[in-house]
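Residue numbers (our numbering): 4 to 130.
Data block below; observations after.
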C-alpha cells in the first residue's frame with residue numbers, strides 16, 4: 004500500500020478522513036497509531052489469517068486391511084494435445100524418397116530453365 008499524505012484532519016485526534024477502510028476493508032494506520040481499540044469484526048475475513056487444520060497422526064490410527072484394499076490410486080487424466088515422444092521415426096525408404104524429392108525441386112530460372120541463377124540475373128536477358 005502506498006503512503007497516504009495529509010489524511011488526518013487538523014486539530015482532530017479522534018478520527019481521520021482517509022478512505023482506507025472503504026477501499027481495503029482494513030482499519031487505517033491513524034486509528035492504530037491513536038490507540039483506539041480495533042474490533043476483529045471490523046476487519047474483512049479475507050485479511051484474517053486462518054489457522055491451519057490440525058492433521059491426524061496416521062501412525063497411531065489402526066486401519067483394517069479391508070479398508071486399505073478399497074482405497075485406490077486416483078485416476079490419471081490425459082493432457083490436451085499430442086503426447087510427447089510419439090512422433091513416428093521415418094523409415095529408410097522415406098529418407099531416400101525425401102532426398103530424391105529435394106533433388107527434383109532445385110530452383111531454376113523461369114526464362115531459360117537452368118540452375119544457378121534466377122530471372123533477374125539470367126545471362127540471356129543481360130545480353
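Every residue, glycine too, gets a C-beta built ideally from N, C-alpha and C.
Check                                                                                                         : Outcome
Whole-Å CB distance - residue 52 paired with residue 30, under 8 angstroms assumed                            : Wrong, their Cβ atoms sit about 16 angstroms apart, outside the cutoff.
Classification of residue 34 by the beta-carbon crowding that lies within 10 angstroms, buried from 16 upward : buried
For residue 62, the three-state DSSP class (helix, strand or coil)                                            : coil
Span separating the alpha-carbon of residue 71 from that of residue 65                                        : 11 angstroms
Whole alpha helix (DSSP H) elements within the region 89-120, 4-residue minimum                               : 95-107
Burial state of residue 8, where buried means 16 or more other Cβ atoms lie within 10 Å                       : With a pLDDT of only 49 at residue 8, under 50, the local geometry of the prediction cannot be trusted, and no value is derived from it.
Local Cβ density within 10 Å of residue 4, reported as buried at 16 or more and exposed below that            : Annotation note: pLDDT 45 at residue 4 (below 50); position unreliable, coordinate value reported separately. Its Cβ having fewer than 16 others within 10 Å, residue 4 is exposed.
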